[in-house]
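Whatever position you read off the sequence shown (first residue = 1), add 140 for my numbering.
Idealized CB from N, CA, C, for every residue including glycine.
Since the structure is predicted, the reported quantities are computational estimates derived from the model, not experimental observations.
Worksheet: the structure to be examined is printed underneath.
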Amino acid sequence: MRHATVLVLRGLIALLLVGLVLVQVMILPLLGVDIAEEHPDLTFLRWAVVVLGILGVLTVEVALVCIWRLLTMVDRDTVFSSAAFRYVDVVIGAAVAATLLAVVLSFVLAPGETVAPGLVLLVVTGGVGTAGIALLVVVLRALLVKAVALDTTATTLRAELDEVI
Numbered sequence: 141m142r143h144a145t146v147l148v149l150r151g152l153i154a155l156l157l158v159g160l161v162l163v164q165v166m167i168l169p170l171l172g173v174d175i176a177e178e179h180p181d182l183t184f185l186r187w188a189v190v191v192l193g194i195l196g197v198l199t200v201e202v203a204l205v206c207i208w209r210l211l212t213m214v215d216r217d218t219v220f221s222s223a224a225f226r227y228v229d230v231v232i233g234a235a236v237a238a239t240l241l242a243v244v245l246s247f248v249l250a251p252g253e254t255v256a257p258g259l260v261l262l263v264v265t266g267g268v269g270t271a272g273i274a275l276l277v278v279v280l281r282a283l284l285v286k287a288v289a290l291d292t293t294a295t296t297l298r299a300e301l302d303e304v305i
């Protein structure tokens, strides 16, 4: 059952990665062209939105690759090791980076009358959501620390018991 769950999650991650690459390569540059055609005076906004959008999608892709690696560790029963912390830390860093990108994008979009306030509010809400994800993963990391410590203790006790027997 656990292996089937891992396979399904890997399939979803693969689909997400393909979709995100398409968004990064095709849709975001077209958004920049669309802004330039409709509002030639907003060239600064065009590049800011495209660059921040590409970087935001990149943070999600990095997190998904790390989750893929963690799923591989789960499948091999090696997730309760110090190697897992590297991937968890990168996921936290990607969520924090996405939060900062949302803050920057909201400051770029907010001044003037060119962008509706509701759209800026959506960007801010996305930033709050990614900050919440970062905090959630920090809590899960603390649980992983405890689990690794327990696993290490259990391994040590098992080795001592084997010596006694």
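- Per DSSP, reduced to three states, the secondary structure at Ile305 is coil, with no helix or strand assignment.
- Take Ala287, set aside five residues on each side of it, and the residues of its chain with a beta-carbon closer than 6 angstroms to its own are Phe220, in chain order.
- Cβ contact annotation for Thr270 (same chain, cutoff 7 angstroms, sequence separation greater than five): Ala235, Ala238, Thr239, Ala242, in chain order.
- According to the DSSP assignment, Glu201 belongs to the alpha helix (DSSP H) that extends over 183-215.
- Nearest in C-alpha terms to Leu284, of all of Leu198, Phe225, Ala299, is Phe225.
- The beta carbon of Ala203 sits closer than 6 angstroms to those of Val231, Ala234, all from its chain and outside the five residues before and after it, given in chain order.
- Per the Cβ contact rule, the segment 272-282 is not in contact with the segment 208-219 (fewer than 3 Cβ pairs under 8 angstroms).
- About 5 angstroms separates the CB atoms of Val190 and Leu168; that is less than 8 angstroms, so the two are in contact.
- Residue environment analysis places Gly196 among the buried positions, since at least 16 neighbouring C-beta atoms fall within 10 angstroms of its C-beta.
- Of the candidates Ile273, Val148, Val165, Gln164, the residue whose Cα lies closest to the Cα of Asp229 is Ile273.
- DSSP places Pro257 within a helical segment (H, G or I) once states are collapsed to three.
- Under the DSSP assignment, Ala250 falls outside any alpha helix (DSSP H); it carries neither an H nor an E label.
- The C-beta separation of Val148 from Val214 comes to about 13 angstroms, leaving the pair out of contact by the 8 angstroms criterion.
- Collapsing the DSSP output to three states places Thr295 in a helix.
- DSSP, reduced to helix, strand and coil, places Phe225 within a helical segment of the structure shown.
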